[in-house]
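Novice:
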Amino acid sequence: MNTDSHRWIGARSVSICVHQWFSNSHCFCARSKFDRFVNFVRTKKLLNATMVTKSAKALEIDVGRAEGPAVNSPASQGSLRRSRSGYVICALLLLALGASYVAAISRKTLTNDELVHIPAGYYYWTLGDFQLNNEHPPLVKLWASLPVLLLSKAQPIAPASGAPQDRWDFYGPFWRQRAQDFQSLAFWPRIMMVPVTLALGLLIFLYARKLFGMAAGLFALAFFCLEPTMLAHGRIVHTDVPGALAYLAFFFLLHRYIERASFNRAVWLGAGSGLATITKFSMIVLVPLLPLTFLVQTFRSGNRERTRPALHFGAALLMVLLVINVAYFFERPPLNATDRAITAGQSQQPERILSWIGALAKGLPTYFLFGAYNVAAHNQYGHMTSLLGMQGTKGWWYYFPVAFTLKTTISFLFISIVSLVWSVYRVVRDRSIGHAAVLAPIALYCAVAMTSRINIGVRHFLPVFPFLFILGGGFLQAALIRRRSAGVALAAVVLAWSLFEAVRVFPDYTAYVNQLARGPEWRYLSDSNVEWGDDVQDLANYLKSHGITRIRGALLGGWLTLSYLGVEYLNLFAEGEPPPETGYVAIGASFLNGSTVPFGGPNSGRETDEQRANYFATYRNRVPEAIFGRSIYLYRIGNNREQ
């Protein structure tokens with residue numbers, strides 16, 4: 039055999055060896071590494087028949103080093119220093135974000151929903167009653183209410199039961215019994231949400247770094263730390279930001295399992311799935327992905343390996359069931375008369391629904407099933423809301439794209455659109471697995487959100503945000519690599535714009551809309567997009583500084599919290615005689631646009647949808663004396679009645 043034959047055989051042997059190594063490593067850039075290696079070997083002329091065996095063994099051990107400098111070289115030391123610097127910057131960004139949350143919490147009071155979530159979590163711990171607020175899973179409420187167990191001096195009193203409306207009456211007595219401790223009970227549960235949000239930021243950084251690199255991770259984290267919607271909801275006791283964390287964590291764990299399937303990773307994937315479902319009921323959409331994943335793994339495995347995916351699926355499923363049951367303390371009480379009455383009012387076939395819940399309750403908690411049913415029923419009959427001046431209960435398929443367009447900074451909106459186009463292009467042209475891993479979760483949740491009839495806030499779209507942050511970070515890193523000067527300029531402009539917006543509106547992030555929203559901000563969206571009750575603290579401070587101790591109003595959340603802040607609240611919608619004159623009236627943005635104005639009886643002026651929508655029309659063209667947090671409008675009325 040001649041020398042050329044030896045060389046060809048050597049080249050072929052080493053090529054096969056290296057190709058197999060890269061296939062087993064499941065790296066995203068395996069092909070590019072392999073090509074660089076072949077070019078390296080050809081350049082150095084190492085391929086000869088006498089060195090095949092030695093070279094192949096060395097490559098199987100050390101091929102990962104061929105792409106970079108020697109471990110102790112100056113270049114390697116510089117790379118290590120840059121990596122450490124990246125983690126330091128990550129830590130500093132998260133610390134700054136945490137400090138901003140604490141500062142905002144000290145200036146804002148509870149939102150409308152937190153008035154319910156905090157007492158519910160307390161009663162879960164003390165009474166084990168998961169009927170309360172069952173339309174939201176318990177995990178977040180259990181976590182946030184831990185400080186209440188230490189701070190609350192009043193004994194827990196069982197909430198009333200026996201009629202459908204009584205299930206909502208538990209939170210009023212909770213706050214009244216603890217009126218003297220209101221400020222501390224409102225402060226510490228929200229502080230508990232800060233580490234949850236910081237964990238989301240850390241996972242965004244780690245996942246972006248894994249997919250695209252260190253710079254991408256830092257850019258993604260910067261977007262996360264500066265986006266007003268995240269700054270608004272990251273401090274609130276609710277399921278929205280934890281739901282975004284659970285959604286991202288699931289796909290991160292799924293990605294790791296697909297990279298290298300193992301029993302331990304299957305268990306972690308199951309745990310992540312279970313945690314997601316007890317964080318937010320919309321995460322149930324992830325459950326079908328588990329059997330699908332293991333089914334694909336079964337077909338990918340050889341004949342001898344086909345029992346392994348089945349074992350992995352069994353372990354994951356057991357973890358899902360275990361996590362859900364632990365969160366509900368393994369409670370399985372029968373549904374009571376209140377629950378049956380609610381079901382009868384929501385379904386045309388209540389007995390069938392109750393039968394299904396009873397059957398499934400052999401393996402799952404009763405109020406996990408009943409809560410999921412309540413959410414599905416709520417979505418079926420819809421929720422009164424408004425969009426761009428339109429009002430209705432059935433929602434609009436384009437609601438969340440419009441809300442996202444108006445509620446994000448223009449800089450992040452621009453990066454999101456550009457990076458989505460870039461990622462789709464990379465998937466189509468290069469079959470990029472990394473980009474597909476980010477685009478798929480976005481597409482899945484968009485499909486769920488855009489078919490929902492509960493259109494009450496961009497917060498319900500938060501699970502998509504982390505993936506957009508990651509794509510934005512990846513795009514900026516790619517821009518830096520391709521055209522450094524242009525990439526630096528682009529990154530500087532978009533981050534500077536985001537920083538400016540975050541500083542400009544601090545701490546009034548809840549009602550934030552960008553510069554695309556011209557004119558009165560309350561016209562475009564409703565509910566938690568424009569008002570949620572957390573600005574009542576500023577209203578109370580203003581009124582007390584002017585010697586005013588009572589106010590007529592129409593507010594989300596303020597109807598309860600104002601009384602604990604030293605101001606008597608007179609409800610404009612109270613039945614019977616109208617409230618006495620106070621000289622001022624406070625109207626929330628969501629009431630000003632009419633979407634949350636309740637229906638009224640005869641001669642109330644709120645009998646029809648049109649009357650509701652225009653109930654406060656006389657105030658829309660008036661100049662308020664003050665606006666608090668961009669969400670509460672205070673009008674001086676003198677001796678004039680508002681209607």
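In my numbering, the protein residues as written are 39 to 681.
Note that CB positions come from ideal geometry on N, CA and C, so glycine has one too.
Quantities reported herein were computed from a predicted structural model and do not represent experimental measurements.
Would you tell me roughly how many angstroms separate the C-alpha atoms of Val275 and Glu615, rounded to the nearest one?
Specialist: Numbered from 1 along the sequence shown, position 237 holds the residue referred to as residue 275. Numbered from 1 along the sequence shown, position 577 holds the residue referred to as residue 615. The alpha-carbon atoms of Val275 and Glu615 are separated by roughly 36 angstroms.
Novice: For Gln429, name the three-state secondary structure that DSSP assigns.
Specialist: Sequence index remark: in the sequence shown, residue 429 carries index 391 (1-based). The answer is strand: DSSP assigns Gln429 an E or B state.
Novice: Give me the residue from Val623, Arg644 and Tyr160 with the minimum Cα distance to Ile675.
Specialist: For the purposes of this step, residue 675 is identified with residue 637 of the sequence shown, where counting begins at 1. Comparing Cα positions, the closest option is Val623.
Novice: Is DSSP giving Ser566 helix, strand or coil here?
Specialist: Looking up residue 566 in the sequence shown gives position 528. Note: Ser566 maps to helix in three-state DSSP.
Novice: Within the same chain, show all residues whose beta-carbon is closer than 6 angstroms to that of Arg668, passing over the 5 residues directly before and after it, in chain order.
Specialist: Position 630 of the sequence shown, counting from 1, holds the residue named residue 668. Cβ neighbours of Arg668 beyond the five flanking positions: Asp546 and Ala549.
Novice: From which residue to which residue does the alpha helix (DSSP H) around Leu608 run?
Specialist: Taking the first residue of the sequence shown as 1, we reach residue 608 at position 570. Not the alpha helix (DSSP H): Leu608 falls in the beta strand (DSSP E), residues Glu606 to Asn609.
Novice: Out of Ile480, Leu603, Arg214 and Ile156, which one is the CA nearest neighbour of Val186?
Specialist: Sequence index remark: in the sequence shown, residue 186 carries index 148 (1-based). With distances taken between Cα atoms, Val186 lies closest to Ile156.
Novice: Pull up the distance between the alpha-carbon of Tyr285 and that of Thr277, whole angstroms please.
Specialist: Residue 285 sits at position 247 when you count from the first residue of the sequence shown. Residue 277 sits at position 239 when you count from the first residue of the sequence shown. Approximately 12 angstroms, taken between the alpha carbons.
Novice: Can you tell me where the beta strand (DSSP E) holding Arg497 begins and where it ends?
Specialist: Translated into positions along the sequence shown, residue 497 becomes position 459. From DSSP, Arg497 is part of no beta strand (DSSP E); its letter is neither H nor E.
Novice: Exposed or buried, Lys179, counting other C-beta atoms within 10 Å across all chains shown (16 or more means buried)?
Specialist: Taking the first residue of the sequence shown as 1, we reach residue 179 at position 141. With 16 or more Cβ atoms within 10 Å of its Cβ, Lys179 is classed as buried.
Novice: Near Gly102, which residues of its chain fall below 6 angstroms by C-beta distance, leaving aside the five closest residues on each side in sequence?
Specialist: Taking the first residue of the sequence shown as 1, we reach residue 102 at position 64. No answer about Gly102 holds up, because its pLDDT of 32 lies below 50 and its placement is not dependable.
Novice: What are the boundary residues of the beta strand (DSSP E) that Asp623 is part of?
Specialist: On the sequence shown, position 585 is the one that residue 623 refers to. Residue 623 is actually Val in this sequence, not Asp. Tyr622 to Gly626 is the extent of the beta strand (DSSP E) around Val623.
Novice: Alpha carbon to alpha carbon, how far is Ser628 from Met422?
Specialist: Counted from its first residue, the sequence shown places residue 628 at position 590. Counted from its first residue, the sequence shown places residue 422 at position 384. The straight-line gap from Cα to Cα measures roughly 11 angstroms.
Novice: Which residues in the same chain as Val568 place their Cβ atom closer than 7 angstroms to its Cβ, once the five residues preceding and following it in sequence are excluded?
Specialist: As a first step, residue 568 is located in the sequence shown; it is residue number 530 there, counting from the start. Contacts found: Ala549, Glu559, Trp560, Ala627, Ser628 and Ser669.
Novice: Please determine if the region 496-511 and the region 230-248 are in contact, where contact requires at least 3 C-beta pairs separated by less than 8 angstroms.
Specialist: yes
Novice: In whole angstroms, what separates the C-alpha of Val334 from that of Phe351?
Specialist: Along the sequence shown, read from residue 1 onward, the residue named residue 334 stands at position 296. Along the sequence shown, read from residue 1 onward, the residue named residue 351 stands at position 313. Distance between the alpha carbons of Val334 and Phe351: 11 angstroms.
Novice: Report the three-state DSSP secondary structure of Ser424 (helix, strand or coil).
Specialist: The residue given as residue 424 occupies position 386 in the sequence shown. Strand.
Novice: Between Gly595 and Asn150, how many whole angstroms is the CB-CB distance? I'm expecting something under 8 angstroms.
Specialist: For this step, residue 595 is matched to residue 557 along the sequence shown. For this step, residue 150 is matched to residue 112 along the sequence shown. About 4 angstroms; that satisfies the 8 angstroms criterion.
Novice: Which residue from Phe261, Leu307, Ala237 and Ala299 puts its Cα closest to that of Ala282?
Specialist: Position 244 of the sequence shown, counted from the start, is the residue given in the question as residue 282. Comparing Cα positions, the closest option is Ala237.
Novice: Quick check: what's the CA-CA separation for Phe261 versus Val358?
Specialist: Taking the sequence shown and counting its residues from 1, one reaches residue 261 at position 223. Taking the sequence shown and counting its residues from 1, one reaches residue 358 at position 320. Spanning the two alpha carbons is a distance of roughly 32 angstroms.
Novice: From the DSSP output, in three-state form, read off Ala612 for me.
Specialist: Within the sequence shown, residue 612 is the residue found at index 574, counting from 1. Judged by DSSP in its simplified three-state form, Ala612 adopts coil rather than helix or strand.
Novice: Go through its chain and collect everything with a Cβ distance to Val456's Cβ below 7 angstroms, but skip five positions before and after it.
Specialist: Residue mapping note: residue 456 aligns to position 418 of the sequence shown, counting from 1. The residues are Phe513.
Novice: Give me, in chain order, the residues of the same chain whose beta-carbon lies closer than 8 angstroms to that of Pro662; leave out the 5 immediate sequence neighbours on both sides.
Specialist: On the sequence shown, residue 662 is found 624 positions in, with the first residue counted as 1. Closer than 8 angstroms at Cβ, skipping near neighbours: Tyr671, Leu672 and Tyr673.
Novice: When DSSP builds the beta bridges, which residues end up paired with Tyr671?
Specialist: One-based indexing of the sequence shown puts residue 671 at position 633. For Tyr671, which the question treats as bridged, DSSP gives the partners Ile625 and Ile665.
Novice: Would you list, in sequence order, the uninterrupted alpha helix (DSSP H) runs of no fewer than 4 residues that lie entirely inside the region 290-315?
Specialist: 301-315
Novice: Check the DSSP bridge columns for Ala592 and list the partner residues they point to.
Specialist: Translated into positions along the sequence shown, residue 592 becomes position 554. Ala592 pairs with Ile625.
Novice: Please report how far the alpha carbon of Thr587 lies from the alpha carbon of Pro266, in whole angstroms.
Specialist: For the purposes of this step, residue 587 is identified with residue 549 of the sequence shown, where counting begins at 1. For the purposes of this step, residue 266 is identified with residue 228 of the sequence shown, where counting begins at 1. A direct Cα-to-Cα measurement between Thr587 and Pro266 gives close to 33 angstroms.
Novice: Cβ of Gly472 within 8 angstroms of Cβ of Phe208?
Specialist: To locate residue 472, count along the sequence shown from 1; it is residue 434. To locate residue 208, count along the sequence shown from 1; it is residue 170. No; because the gap between Cβ atoms is not below 8 angstroms, this pair is not in contact.
Novice: Determine, using beta carbons only, whether Trp535 and Ile448 come nearer to each other than 8 angstroms.
Specialist: Residue numbering aside, residue 535 sits at position 497 when the sequence shown is read from its first letter. Residue numbering aside, residue 448 sits at position 410 when the sequence shown is read from its first letter. Judged by their CB atoms, Trp535 and Ile448 are nearer to each other than the 8 angstroms cut-off.
Novice: Looking at Tyr715: is its Cβ nearer than 8 angstroms to the Cβ of Val465?
Specialist: Because residue 715 is not part of the residues shown, which for the chain are 39 to 681, the question remains open.
Novice: My assumption, with CB atoms under 8 angstroms, is that Ala254 sits in contact with Phe319. Please give the rounded CB distance.
Specialist: Counting from one through the sequence shown, the residue named residue 254 turns up at place 216. Counting from one through the sequence shown, the residue named residue 319 turns up at place 281. Their Cβ separation, rounded to whole angstroms, is 32 angstroms, which puts Ala254 and Phe319 out of contact at 8 angstroms.
Novice: Do Ile589 and Thr620 have their CB atoms nearer than 8 angstroms?
Specialist: Looking up residue 589 in the sequence shown gives position 551. Looking up residue 620 in the sequence shown gives position 582. Closer than 8 angstroms, so yes.
Novice: Check whether the region 410-420 touches the region 430-440, taking contact to mean three or more Cβ pairs, one atom from each stretch, closer than 8 angstroms.
Specialist: Touching, yes, given that three or more Cβ pairs across the two stretches are closer than 8 angstroms.
Novice: Out of Arg491, Gly401 and Val413, which one is the CA nearest neighbour of Leu425?
Specialist: Here residue 425 corresponds to residue number 387 of the sequence shown, with the count starting at 1. Closest option to Leu425, Cα to Cα, is Arg491.
Novice: So Asp468 is in the alpha helix (DSSP H); what residue range does that whole segment cover?
Specialist: Looking up residue 468 in the sequence shown gives position 430. Run containing Asp468: Ile448 to Asp468, per the alpha helix (DSSP H) assignment.
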